[in-house]
Structure formats: structure tokens, C-alpha cells
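Peer 1:
In the working numbering, the protein residues as written are 6 to 77.
Set out below in C-alpha cells:
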């Protein structure tokens, strides 16, 4: 029973991350029957890693843009 609660918690965290980063996705609770706790945690890590990469790419682009604006 404890694992089911953990899975529900991770599923909720995934939904919140997707909503925060611009996605809208509602995940049906039956998914918990098919995914392990480890798989849910891997999904969370991948979402966070992807968002980190987007932030880094945006920062690099902004730096290039600033450099372009300063050029005569």
C-alpha cells in the first residue's frame, strides 16, 4: 500500500512539473499499474533535465543576441 501512495505522489509531481513547464497533461491513475516507482522517478529526472537544458540553451542564445547587438 505504501508503494501505491508513493506512486501517486510521483504521478502528481510529474503532472505539476509538466504544467509548470508549459505542458498540460492529465495522467490517468491506472498508469500506476504499469509503471514502477523507479520509472516514475526517472520520468521526473528527465523532465527536470530537459528543462535545465532549455534554460541553458536560452541563456546561450541571449548571450549571442547581446553580443550581436553590441557589434557595430
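By construction, the Cβ of each residue, glycine as well, lies at the ideal position given by its N, Cα and C atoms. This one's a predicted model, so the numbers in the text were calculated from it and none came from an experiment.
1. Given residue 15, which residues of its chain have a CB within under 7 Å of its CB, disregarding the five upstream and five downstream residues?
2. Could you tell me how far apart the beta carbons of residue 20 and residue 31 are, in whole angstroms, since I believe they sit closer than 8 Å?
3. Considering Cα atoms alone, identify which of 51, 34, 71 and 33 is closest to residue 1.
4. Anyone know if the C-beta pair for residue 56 and residue 26 falls short of 8 Å?
Peer 2: If we stick to the structure as given:
1. As a working mapping, residue 15 is identified with position 10 in the chain shown. 42, 45, 46 and 49, listed in sequence order.
2. Here the question's residue 20 lines up with position 15 in the chain shown. Here the question's residue 31 lines up with position 26 in the chain shown. Contact holds; Cβ gap of about 7 Å.
3. Look at the range of the chain in this structure, 6 to 77, and you will see that residue 1 is not part of it.
4. One-based indexing of the chain shown puts residue 56 at position 51. One-based indexing of the chain shown puts residue 26 at position 21. For residue 56 and residue 26, yes; Cβs fall inside 8 Å.
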